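One structure is given here, and the rest of the page talks about it.
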Amino acid sequence: MTTTTGTGTDADAEATVSASTGTGTGTESDPASGARLPTAAPRETARTTLRLLARHRLRLAATVLVLLAATASALAVPALLGTMVDAVADGRPWSALLAPAGGIVAATAAGVGLGWWGQLLLARTAQHTLAGLREDVFATAVAQPSAVLERAGSGDLVSRVAGDAEAVNTVIGRVLPAFVGALFTIALTLVGIGMIDPRFALAVLLATPVQYLALRRFLARSGPVYRSVREAEAARGQQLIETLTGADTVTALRDQPRHRAAVAATSERAIGHELRAVRLRTTFYGLLNLAEFIGLAAVLAVGYHLVGAGAVTLGAATAAALYFHQLFGPIGVLLSNVDELQNAGAGLARLVGVLTLPAPAQAQAPEAEAETRPEPRSTSTPAGQPTLTGRLTLENVSYGYAPGRRTLHGVTLTVEPGETVAVVGASGAGKTTLAKIAAGVLAPDTGRVLLDGTPLDRLPTAELRRRAVLVSQEVHVFDGTVAEDLRLFAPEATDAGIRAAADRLGATAWLDALPHGLDTRVGAAGEPLTAARAQHLALLRLALAAPAVALLDEATAEAGTADADLLEHAATAALTGRTGLVIAHRLGQAARADRVVVMDAGRIVELGTHAELAAAGGPYARLWASWTRER
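By the count of the numbering used here, the sequence shown reaches residue 829 at its end, each step adding exactly one.
Written as structure tokens, this is what we have:
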């Protein structure tokens, strides 16, 4: 699969699926109809999280020890206060209060210091773990065939690496340290209460049934709700992306009301799911408040009984009451943050779901085979003339973006080495889909595509990227200098080689006119380039990559009248010496091609040279007559 314009690293190459030269999605693709990217099951999510945490096991162990020490220090305060109460009740001198008071100060300072250190260690561990997850998700995503991501829709992937990752990051930075600290505090506090008198612990447990039922109810209902919220947000993002990226076309067709209605509908669905989550949270917090009231009343009643019976001192009862009161905060943190943990858990499951796709190594499994397969190269005839490689064959290829909706129907075509074939037809005829399948971006539903006799799905990914390149209408200029932009796809290219290619493609004049020539910074933060110059840059990448097969999907469509001839010359020069399949938006391109394919409704309806088809009186002749009249 290759929609790149170079031979850089796999990440670089895959990143350019929609960036370096575009994917030419056009109007034939229907991502909304495809399946979304997978979401991991809870067990798989937990297993992956533990695997990522295991990379930092020493830091994690240190974090646990420090947080336990911080919790133990803080829990010494109620016991010391109980000692002071007993001293006052026994009528001991005020000097007896100095030691426990000093202990309270020391315990408080130790608890604060150790707590800060533990939370810092926890945040670092979690952030490193999240960073590892992000890297794994990115590496897996860019290793996928473009068809997988396109069918899922760009909004789905964007919402995962942006919204879902941010939800997890928020929990790591704000919720997780408090949650873990609360968990340790609850555990050690219950131990402390039980050591004073087991009956206090039993009183505390009276609140547990209410808390358990509240938590069980919340967990059972909130998981599906939060997953629905995430999915609704992804659908809303997808609709916004589709509407905004096609804003010019929507405006030209005066179709704004329908698109506004679609955005409003997806937004209302997202809001509806969020309101369900709010109702769940409100009920949950109300039940937690009820549990706190029951527990505190029980502890005070037990303390009154035990002090009256002489079973415990007043100071011990005071310590028990303070311990339980101290539980209010941690229990509230523990249970109320389940809300955000559920939200982050849904996001984490969606991120881990990406990892269930074929990993980079799997996506390039044939690499070992590539090491033993000789690199395709030109051979020579007895007369010394080179024999070009790059025979591209489509055999009975059919494809549909959704079940029951065929875009291509039984297409058979062979492009000989060194031959240029132009594909023409009305919008929606299947031209872009044909180019993507020929490049290996999409896998046909039926039939097969061969490059020099080898099916594309048997070619190692890196080899396919070197041998076949797709350049589309939607181009991207990377941030960096012009030379750096070009070397992303031809790392070995020298300045002299770049200039030679620029001369051949007619780009020298405008490149030299840039403030610093090849060293001019371009991209989002650099020198702005016109659409025509950006396309010219994409054709330069193609020339420097020097593949055997070049596929141009309306790669000069953005050229205005002044730039049309320049880009047409550049495209012709870039195709010289290699097999070319050109999705032509100007019939002048078809007239210069060796053969012309006419498509209609996903089928080839005419095939021949320009002269043959122009004289045949068929669809191409009518297109050519209309074209020449307008010229």
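Yeah, the Cβ is synthetic: ideal placement off N, Cα and C, and Gly gets one too. Just so it is clear, the structure is predicted and the values come from calculations on it, not from any experiment.
Please tell me whether residue i and residue j are closer than 7 Å, where the distance is taken between their beta carbons.
{"i": "F526", "j": "V497", "result": "no"}
{"i": "P615", "j": "G588", "result": "yes"}
{"i": "I474", "j": "V423", "result": "Sequence inspection shows Arg at residue 474; the Ile mentioned does not correspond to that position. Result yes, Cβ atoms of R474 and V423 sit closer than 7 Å."}
{"i": "F831", "j": "A743", "result": "Nothing can be reported for residue 831, as the shown portion of the chain is limited to 199 through 829."}
{"i": "T323", "j": "P528", "result": "no"}
{"i": "V720", "j": "V680", "result": "yes"}
{"i": "T618", "j": "T591", "result": "no"}
{"i": "L338", "j": "L546", "result": "The amino acid at residue 338 is misidentified as Leu; the sequence shows Thr. No, the Cβ-Cβ distance between T338 and L546 is not below 7 Å."}
{"i": "V264", "j": "W315", "result": "yes"}
{"i": "V185", "j": "A376", "result": "No answer is possible for residue 185: the residues shown for the chain start at 199 and end at 829."}
{"i": "G628", "j": "T605", "result": "yes"}
{"i": "I391", "j": "A305", "result": "no"}
{"i": "D354", "j": "A432", "result": "yes"}
{"i": "V283", "j": "G513", "result": "yes"}
{"i": "R548", "j": "D334", "result": "no"}
{"i": "P276", "j": "L520", "result": "yes"}
{"i": "A287", "j": "L295", "result": "no"}
{"i": "L278", "j": "P291", "result": "no"}
{"i": "A699", "j": "T706", "result": "no"}
{"i": "S357", "j": "G421", "result": "no"}
{"i": "L737", "j": "A772", "result": "yes"}
{"i": "V408", "j": "A499", "result": "no"}
{"i": "L779", "j": "L735", "result": "no"}
{"i": "D798", "j": "T630", "result": "no"}
{"i": "A741", "j": "V675", "result": "no"}
{"i": "W822", "j": "A812", "result": "yes"}
{"i": "H833", "j": "T441", "result": "In this structure the chain extends from 199 to 829, so residue 833 is not present and cannot be described."}
{"i": "N535", "j": "V373", "result": "yes"}
{"i": "A641", "j": "D677", "result": "no"}
{"i": "A809", "j": "P745", "result": "no"}
{"i": "L251", "j": "T368", "result": "no"}
{"i": "G280", "j": "T480", "result": "no"}
{"i": "T807", "j": "R793", "result": "yes"}
{"i": "A691", "j": "R685", "result": "yes"}
Just to confirm the assignment, what range does the beta strand (DSSP E) spanning residue i have?
{"i": "N367", "result": "Unbroken run through N367 is the alpha helix (DSSP H), A363 to T368; no beta strand (DSSP E)."}
{"i": "D650", "result": "From DSSP, D650 is part of no beta strand (DSSP E); its letter is neither H nor E."}
{"i": "D655", "result": "First-last for D655: undefined, no H or E at that position."}
{"i": "R801", "result": "R801 to G806"}
{"i": "R793", "result": "R793 to D798"}
{"i": "V667", "result": "A666 to S670"}
For chain D, find out if any of its Cβ atoms is closer than 7 Å to the Cβ of residue i; answer yes or no.
{"i": "T718", "result": "Checking the listed chains, one finds no chain D in this structure; it contains a single protein chain."}
Looking at the secondary structure, which residues open and close the alpha helix (DSSP H) in which residue i lies?
{"i": "L320", "result": "L296 to V340"}
{"i": "V830", "result": "For the chain, the structure presents residues 199 to 829; residue 830 sits outside this window and is missing."}
{"i": "A430", "result": "T406 to T443"}
{"i": "N487", "result": "Q454 to G506"}
{"i": "R375", "result": "Before going on, a small fix: residue 375 reads as Pro here, not Arg. Where P375 is concerned, the enclosing alpha helix (DSSP H) stretches over L374 to I394."}
{"i": "D701", "result": "D693 to R702"}
{"i": "L785", "result": "L785 to R790"}
{"i": "T587", "result": "Where T587 is concerned, there is no enclosing alpha helix (DSSP H), given that its DSSP letter is neither H nor E."}
{"i": "L632", "result": "K629 to A637"}
Identify every residue that forms a DSSP beta bridge with residue i.
{"i": "G778", "result": "T618 and A748"}
{"i": "T679", "result": "R719"}
{"i": "A401", "result": "Beta-bridge pairing links A401 to no other residue."}
{"i": "L611", "result": "L592"}
{"i": "G598", "result": "R604"}
Report back the beta-carbon spacing between residue i and residue j to the nearest angstrom; my notes put them in contact at under 8 Å.
{"i": "P817", "j": "V795", "result": "P817 to V795, Cβ: 11 Å. No contact."}
{"i": "T243", "j": "V550", "result": "5 Å"}
{"i": "T261", "j": "L319", "result": "4 Å"}
{"i": "L764", "j": "G715", "result": "Contact flag wrong, Cβ pair sits at about 19 Å."}
{"i": "L494", "j": "A412", "result": "Not really, about 17 Å apart at Cβ, beyond 8 Å."}
{"i": "H607", "j": "S625", "result": "With a Cβ gap of about 17 Å, H607 and S625 do not count as contacting."}
{"i": "L662", "j": "T246", "result": "No, L662 and T246 are not in contact; Cβ-Cβ is about 30 Å, not under 8 Å."}
{"i": "D668", "j": "A711", "result": "The sequence given here places Leu at residue 668; Asp does not occur at that position. With a Cβ gap of about 29 Å, L668 and A711 do not count as contacting."}
{"i": "A268", "j": "G300", "result": "Contact doesn't hold; Cβ gap of about 19 Å is too wide."}
{"i": "V639", "j": "A782", "result": "Incorrect: roughly 19 Å between the Cβ atoms, too far for contact."}
{"i": "R656", "j": "E593", "result": "Their Cβ separation, rounded to whole angstroms, is 14 Å, which puts R656 and E593 out of contact at 8 Å."}
{"i": "V402", "j": "L388", "result": "7 Å"}
{"i": "D643", "j": "G598", "result": "6 Å"}
Query raised in the report: For the segment 706-773, which segments carrying the beta strand (DSSP E) assignment without a break, of at least 3 residues, lie completely within its bounds, in sequence order?
Result: 747-751
Query raised in the report: Along the chain, which unbroken stretches of the alpha helix (DSSP H) at least 4 residues long are found entirely within the segment 229-286?
Result: 240-252
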